[in-house]
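Engineer:
Below, the structure is given as structure tokens:
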């Protein structure tokens, strides 16, 4: 629905933002291993290495041959139509935004999309989901508790499952991840998985409220902190690593250049937030040494 260079309209609420297939692709690459050539040496660099985004790749899809003509879902099939511009369109079934006014249209039946690896069914691979303590209110006027209580993190740290183990640190990792991609939408904290479809909406604005969990809790993994410091160096610049990695996708370029530059700017903001926490509370209190530790929390091995 949007071109690469279009930003989210300023009057949109976060829960009305568009879903972007290129955001899913970019989120996967932000979390993956890339090969980076530095001084004629081939070096493997892990970008964030949180390992929470399922593999995603972009491709061109023929809506006629690959969706409409092969689907067994009659309800989906009935939503296909030909637009006044003679393009094939469909809108599917959902609670919101599934109508002819919000349809996806091809040119005439070719459309870009992202394909993601699905996790196994819950009956085969059990996993847990918790409500994100810093979830949004999803209300046009009402604020969430964390938006009005500066000591909200203290309450969270006394609430299971965040009162033990590394769950708070997991939330801090996801806070950094979301802020770098300007992802405002929060609802659930799902072990092993994040949902990156509505990110990269704005490159000209940094939504500082996304960083509230980090600012309130003042905690971060040492491995995460060191990696962020590395990605701020000129030779391992985050935007350059992302650009190099994203070139491998079949529908590259994935991100508009200002989005890549915005990630470098936001990285500096994250590092400044951690630095302020360290100045206030001390390095050992803020930075959790997660090297050579074995804590069974059910998350992926780092």
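Numbering (full-length UniProt numbering), first residue to last: 1 to 302. Backbone N, C-alpha and C fix where the C-beta goes; we use that ideal spot for every residue, glycine too.
1. Would you check if the distance between the CB atom of residue 27 and the CB atom of residue 53 is smaller than 8 Å?
2. Near residue 150, which residues of its chain fall below 8 Å by C-beta distance, leaving aside the five closest residues on each side in sequence?
3. Leaving aside the five residues before and after residue 37 along the sequence, list all residues of the same chain whose C-beta is less than 7 Å from its C-beta, in chain order.
4. Please report the distance separating the alpha-carbon of residue 3 from that of residue 117.
5. For residue 245 versus residue 261, is the C-beta distance shorter than 8 Å?
6. The alpha helix (DSSP H) that contains residue 24, what's its start and end?
7. Residue 259: buried (16+ other C-beta within 10 angstroms of its C-beta) or exposed?
8. Less than 8 Å between the C-beta atoms of residue 204 and residue 7, yes or no?
9. Note down the Cα distance separating residue 242 from residue 164, rounded to an integer number of angstroms.
10. Would you mind stating whether residue 87 and residue 105 have Cβ atoms separated by less than 8 Å?
11. Following the continuous alpha helix (DSSP H) through residue 153, name the residue where it begins and the one where it ends.
12. If we ignore side chains and look at the alpha-carbon of each, how far apart do residue 24 and residue 202 end up?
13. Count the C-beta pairs between the segment 139 to 146 and the segment 112 to 128 that are closer than 8 Å, then say yes if the count reaches three, no if not.
14. Does residue 82 pass the burial test, meaning 16 or more other C-beta atoms within 10 Å, or should it be called exposed?
15. Assuming residue 221 contacts residue 178 under a Cβ cut-off of 8 Å, what Cβ separation, rounded to an integer in Å, is found between them?
16. Go ahead and label residue 156 buried or exposed: buried means 16 or more other beta carbons lie within 10 angstroms of its beta carbon, across all protein chains shown.
17. Using a Cβ-Cβ distance cut-off of 8 Å, determine whether residue 157 contacts chain B.
18. Taking the alpha-carbon of residue 281 as reference, which of 176, 219, 85 has the nearest alpha-carbon?
19. Measure from the alpha carbon of residue 225 to the alpha carbon of each residue in 176, 127, 255, 22, then state which is nearest.
20. Could you pull out every unbroken beta strand (DSSP E) segment of at least 3 residues lying fully inside the segment 47 to 73, listed in chain order?
21. Work out the CA separation of residue 85 and residue 318 for me, nearest whole Å.
22. Locate the beta strand (DSSP E) running through residue 131, then write down its first and last residues.
23. Below 8 Å between beta carbons: does that hold for residue 101 and residue 75?
24. Where in the segment 224 to 250 do unbroken runs of the alpha helix (DSSP H), each at least 4 residues long, occur, reported from the N-terminal end onward?
25. Hey, quick one: how far does the beta strand (DSSP E) through residue 257 stretch, first residue to last?
26. Could you say which of 22, 213, 12 lies nearest to residue 249 if we only look at CA atoms?
Structural biologist: Quick answer:
1. In the chain shown, counting from the first residue as 1, residue 27 sits at position 27. In the chain shown, counting from the first residue as 1, residue 53 sits at position 53. Taking the C-beta atoms as reference points, residue 53 is found nearer than 8 Å to residue 27.
2. Here the question's residue 150 lines up with position 150 in the chain shown. Within the same chain, residue 150 has close Cβ partners 216.
3. Counting from 1 along the chain shown, the entry for residue 37 is found at position 37. With a pLDDT of only 45 at residue 37, under the threshold of 50, the placement of this residue in the model should not be trusted; the figure read from the coordinates follows. Same-chain partners within the cutoff: there are none.
4. If you number the chain shown from 1, residue 3 lands on position 3. If you number the chain shown from 1, residue 117 lands on position 117. Between the alpha carbons of residue 3 and residue 117 lies a gap of roughly 24 Å.
5. Indexing the chain shown from 1 puts residue 245 at position 245. Indexing the chain shown from 1 puts residue 261 at position 261. Result no, Cβ atoms of residue 245 and residue 261 do not sit closer than 8 Å.
6. To locate residue 24, count along the chain shown from 1; it is residue 24. Where residue 24 is concerned, the enclosing alpha helix (DSSP H) stretches over 21 to 30.
7. Residue 259 sits at position 259 when you count from the first residue of the chain shown. Buried: at least 16 other Cβ atoms inside 10 Å.
8. As a first step, residue 204 is located in the chain shown; it is residue number 204 there, counting from the start. As a first step, residue 7 is located in the chain shown; it is residue number 7 there, counting from the start. The criterion of a C-beta distance shorter than 8 Å is satisfied by residue 204 and residue 7.
9. On the chain shown, position 242 is the one that residue 242 refers to. On the chain shown, position 164 is the one that residue 164 refers to. If you take the alpha carbons of residue 242 and residue 164, they lie about 34 Å apart.
10. The residue labelled residue 87 in the question sits at position 87 within the chain shown. The residue labelled residue 105 in the question sits at position 105 within the chain shown. Contact flag set, yes.
11. In the chain shown, residue 153 corresponds to position 153, counting from 1. Run containing residue 153: 152 to 156, per the alpha helix (DSSP H) assignment.
12. One-based indexing of the chain shown puts residue 24 at position 24. One-based indexing of the chain shown puts residue 202 at position 202. Their backbone Cα atoms lie some 15 Å apart in a straight line.
13. Counting Cβ pairs under 8 Å, fewer than three are found: no touch.
14. What you label residue 82 is simply residue 82 of the chain shown in a count that begins at 1. Sixteen is the threshold: since fewer than 16 other Cβ atoms of the shown chains lie within 10 Å of the Cβ of residue 82, the residue is exposed.
15. In the chain shown, counting from the first residue as 1, residue 221 sits at position 221. In the chain shown, counting from the first residue as 1, residue 178 sits at position 178. No, residue 221 and residue 178 are not in contact; Cβ-Cβ is about 16 Å, not under 8 Å.
16. Numbered from its first residue, the chain shown carries residue 156 at position 156. Answer is buried; the Cβ neighbour count reaches 16.
17. No chain B is present in this structure, which holds just one protein chain.
18. Position 281 of the chain shown holds residue 281. Minimum Cα-Cα distance from residue 281 among the listed residues 176, 219, 85 corresponds to 219.
19. Locating residue 225 in the chain shown gives position 225, counting from the first residue. The residue from 176, 127, 255, 22 with its alpha-carbon nearest to that of residue 225 is 176.
20. Counting only runs of 3 or more, we get 56 to 62.
21. Missing from the structure shown is residue 318; the chain here goes from 1 to 302 and no further.
22. Residue 131 sits at position 131 when you count from the first residue of the chain shown. Counting along the chain, residue 131 sits inside the beta strand (DSSP E) bounded by residues 129 to 131.
23. Along the chain shown, one-based indexing puts residue 101 at 101. Along the chain shown, one-based indexing puts residue 75 at 75. No, Cβ-Cβ distance for residue 101 and residue 75 is not below 8 Å.
24. With a minimum length of 4 residues, the unbroken runs of alpha helix (DSSP H) contained wholly in the segment 224 to 250 fall at 238 to 246.
25. Here the question's residue 257 lines up with position 257 in the chain shown. Per DSSP, residue 257 belongs to no beta strand (DSSP E); it is in the alpha helix (DSSP H), 257 to 281.
26. Numbered from its first residue, the chain shown carries residue 249 at position 249. If you compare the alpha carbons of 22, 213, 12 with that of residue 249, the shortest gap goes to 22.
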